[in-house]
Amino acid sequence: MTLTADAPVTTTDEQPKTFDSYNPTTGDVYATYPIDDAAAVQAAVERAREAADWWAGLGFKGRGKYLDQWRAVLARRMNQLADVVYAETGKPHGDAALEVGMAIEHLAWATKHAKKVLGKRHVSSGLVMVNQRATVEYLPRGVVGVIGPWNYPVFTPMGSIAYALAAGNTVVFKPSEFSPAIGTWLVDAFHEVLPDHDVLQIVRGFGETGNALCTSGVDKLAFTGSTRTGKKVLAACAETLTPVVIEAGGKDSIIVDADADVDKAAEAAAWGAFWNAGQTCIGIERAYVHEKVYDRFVDKLVERAKAVQPGVNYGPMTMPAQVEVIRKHIDDAIARGGKALTGGEVTDGFIPATVLVDVPEDALAVTDETFGPTITVRKVTSAQEAIDLTNASEYGLGSAVFSKKNGTWIADKVRSGMTAVNAVLVYAAIPSLPFGGVGQSGIGRIHGEDGLREFAQPKSVVKQLMPAALNVTSFDRGPTEDKLWGSLILTLHGRANQFLKKQ
Ligand code: NDP
């Protein structure tokens with residue numbers, strides 16, 4: 003099946019330039035769309051700006067009505083959307099449905115919690131300003147640009163789109179050139195429930211279209227993709243001081259301590275490393291395993307890796323160029339003394355699950371994001387060594403720890419945005435948890451309360467209820483007020499441990 007957009011967005015005398023997306027399993031063209039140039043992106047942002055006041059003015063309840071309807075459409079047609087995800091990414095239908103379901107959960111959470119998190123509330127004005135009534139609320143920013151990747155083409159952009167819409171913004175969404183039909187499906191479904199206002203729009207094309215969105219004057223830009231492109235986005239947005247969220251790459255590890263349930267750890271490591279052919283930003287790419295359980299863990303992991311079938315348990319590489327990156331990482335690991343205990347051959351886009359051991363820590367397979375079905379496994383003598391090696395990465399997105407006694411202790415010491423104890427990746431499916439990384443993994447957070455606030459701006463209002471007993475903010479202030487002010491501050495804060503004692 004080949005899909006085509008109804009009409010080109012750009013209208014010139016020339017034929018509009020188009021681009022194709024492909025079914026990576028068959029290599030066939032799947033969809034064809036016009037490339038939206040800078041003028042088309044600008045026009046979409048202007049339409050979004052016109053709709054912004056109306057959408058913001060609906061309030062949480064009014065917006066919630068439409069978001070709930072959209073959620074119901076997504077849930078009812080989950081299989082239809084999963085078909086499109088399968089066709090354009092090659093991932094199994096079940097994985098596609100899992101992704102869609104998780105995105106729906108986030109949409110539900112954002113819709114339900116937006117008022118509580120962002121709505122106007124009183125805050126304490128403190129003892130010295132006790133005559134003031136202080137309130138804070140989080141207002142919509144206006145128009146949010148969302149740039150998404152292809153690996154979880156529903157789940158990842160929805161982590162921004164759902165939260166931005168629930169916070170009262172309108173959205174212009176640029177999906178990856180590899181997944182434009184999926185993005186179009188999502189936006190079309192929204193238009194079905196809200197046809198008359200440009201609250202959620204799509205622009206399609208390559209990197210230039212994304213760049214045009216960065217420089218279009220949107221009020222916030224949410225990017226999910228590679229660290230390399232994230233830096234370009236940050237630089238482009240700096241021109242207009244456009245604030246950004248950057249959800250970038252990772253090199254997550256699993257730490258398996260001496261007392262871990264080894265079977266469960268191997269099962270989780272296999273899922274974390276090989277799910278979606280390793281095309282997962284929070285995928286497990288490194289394992290640090292205590293020497294006491296190392297041999298057993300490696301045996302179990304290899305057993306599991308051998309049972310995983312490319313083409314059945316996961317699809318081909320969605321982006322053909324990724325095949326070369328994975329080949330390079332495996333070749334480099336083996337050239338430096340590493341061994342592939344299973345897999346290791348890269349002949350086409352269906353890459354076998356690969357377990358690498360004895361790989362030095364400065365090899366590409368350990369330092370760089372591989373984004374394929376591979377995992378390096380290294381023996382360590384203590385949990386602390388595993389923590390140090392994990393934290394040596396310039397990335398810090400997610401991580402996992404397996405230990406019966408020390409899981410939380412280890413988790414607290416790992417430098418990452420999210421850590422799962424005795425599980426992998428699960429934080430992504432818990433809408434109340436903020437999601438994002440440190441270091442080269444990005445800036446800012448999606449999901450949860452932080453994810454809602456990311457797409458809003460705080461507004462503080464203070465109302466004077468009565469004249470101050472001690473009027474220090476006036477030129478009428480004299481020596482008496484100065485003296486009383488000094489005494490007050492000394493009384494309140496002069497003893498170093500007074501707050502600690504109360505805790
Ligand atoms: P890319 O960085 O290649 O692309 C991401 C998006 O940016 C695409 O829509 C792309 O468009 C667009 N883009 C490309 N160039 C520019 C530019 N100059 N200005 C603005 N936008 C541009 O990432 P991938 O699509 O390959 O996705 C995989 C990456 O995403 C991995 O590194 C993965 O770790 C990361 N990721 C991070 C997540 C997180 O939450 N932290 C979640 C999921 C993935 P086009 O495709 O048309 O070139």
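Mapped onto the working numbering, the consecutive letters of the sequence shown carry residue numbers 3 to 505.
The C-beta atom is built at its ideal place from N, Cα and C for all residues, glycine as well.
Is the beta carbon of residue i less than 8 Å from the beta carbon of residue j?
i	j	result
ALA191	VAL86	no
ALA166	PHE437	no
MET208	GLU241	Note on residue identity: the sequence assigns Phe, not Met, to residue 208. No, the pair does not count as a contact, with Cβ atoms beyond the cut-off.
LEU215	VAL201	no
SER255	SER443	no
GLY280	PRO375	yes
LEU223	GLY147	yes
THR113	LEU69	yes
PRO318	PRO94	no
THR172	ALA53	yes
LEU506	VAL300	Outside the shown range of the chain, which is 3 to 505, sits residue 506, and nothing can be said about it.
PHE276	ALA355	yes
ALA262	VAL304	no
SER418	GLY450	no
GLU247	SER162	Residue identity differs from the one stated: residue 247 is Val in this sequence, not Glu. Yes, the pair counts as a contact, with Cβ atoms nearer than the cut-off.
VAL156	LEU60	no
VAL119	SER462	no
ASP259	ASN408	yes
VAL264	LYS302	yes
GLN44	LYS465	no
VAL426	GLY274	yes
If residue i sits next to residue j, beta carbons under 8 Å apart, how far is it from one beta carbon to the other, in whole angstroms?
i	j	result
ALA77	ILE106	6 Å
TRP515	THR320	Only positions 3 to 505 of the chain appear in this structure, which leaves residue 515 out of reach.
HIS193	PRO433	So it is not a contact: roughly 24 Å between Cβ atoms.
GLY446	TYR397	GLY446 to TYR397, Cβ: 16 Å. No contact.
PHE225	GLY232	6 Å
CYS283	GLY252	5 Å
ALA50	VAL174	5 Å
THR378	VAL361	5 Å
ALA431	MET104	5 Å
Identify whether residue i lies in helix, strand or coil by the three-state DSSP scheme.
i	result
ARG135	strand
ALA7	With a pLDDT of 48 at ALA7, under the threshold of 50, the modelled position of this residue cannot be trusted; read the value that follows with caution. Note: ALA7 maps to coil in three-state DSSP.
PHE127	Reading the sequence as shown, one finds Ser at residue 127 and not Phe. In the structure shown, SER127 sits in coil (DSSP, three-state: anything other than H, G, I, E or B).
HIS495	helix
ASP22	strand
GLU287	strand
PHE404	strand
HIS449	coil
GLN466	strand
PHE157	helix
GLY439	coil
Please name the residue in the options whose C-alpha comes closest to that of residue i.
i	options	result
TYR32	PRO375, SER23 and LEU391	SER23
THR217	THR226, ALA238 and GLU48	ALA238
ALA413	PHE180, ASN393 and VAL201	ASN393
LYS381	THR372, ILE257, GLY96 and SER418	ILE257
ALA337	SER384, PRO322, ARG230 and ASP364	ASP364
TRP57	THR493, ALA168 and PHE276	ALA168
GLU101	THR158, HIS292, LYS118 and GLU48	THR158
GLY66	ALA164, GLU347 and CYS283	ALA164
VAL235	ASN81, VAL416, LEU454 and GLY150	GLY150
ARG73	ASP39, VAL195, ILE284 and SER395	VAL195
THR229	TYR88, GLN44, ALA250 and PRO322	ALA250
ASP30	GLY92, MET420, GLU483 and ALA289	GLY92
ILE328	GLY339, GLY185 and GLY345	GLY345
LYS176	ASP38, ALA110 and PRO142	ASP38
GLU387	ALA289, PRO245 and GLY285	ALA289
Are there 16 or more other CB atoms within 10 angstroms of the CB of residue i, so buried, or fewer, so exposed?
i	result
GLU371	buried
ALA498	exposed
ASP97	buried
SER181	buried
TRP28	One detail in the question is off: residue 28 reads as Thr in this sequence, not Trp. The residue in question, THR28, is exposed, as its Cβ has fewer than 16 Cβ neighbours within 10 Å.
GLY468	Looking at the sequence itself, residue 468 is Met, so the reference to Gly does not match. Exposed: under 16 other Cβ atoms inside 10 Å.
GLU287	buried
THR13	The predicted model places THR13 with a pLDDT of 46, which falls under 50 and marks its position as unreliable, so this point remains unresolved.
ILE491	exposed
LEU129	exposed
LEU188	buried
ASP221	buried
MET3	At MET3 the pLDDT is 44, less than 50, meaning the model places this residue with poor confidence and gives no usable figure here.
LEU367	A small correction: the amino acid at residue 367 is Ala; Leu does not occupy that position in the sequence shown. With 16 or more Cβ atoms within 10 Å of its Cβ, ALA367 is classed as buried.
HIS115	buried
SER489	exposed
THR410	exposed
ALA46	buried
Is there a Cβ of chain B sitting closer than 8 Å to that of residue i, yes or no?
i	result
LYS302	The structure shown contains no chain B, having only a single protein chain.
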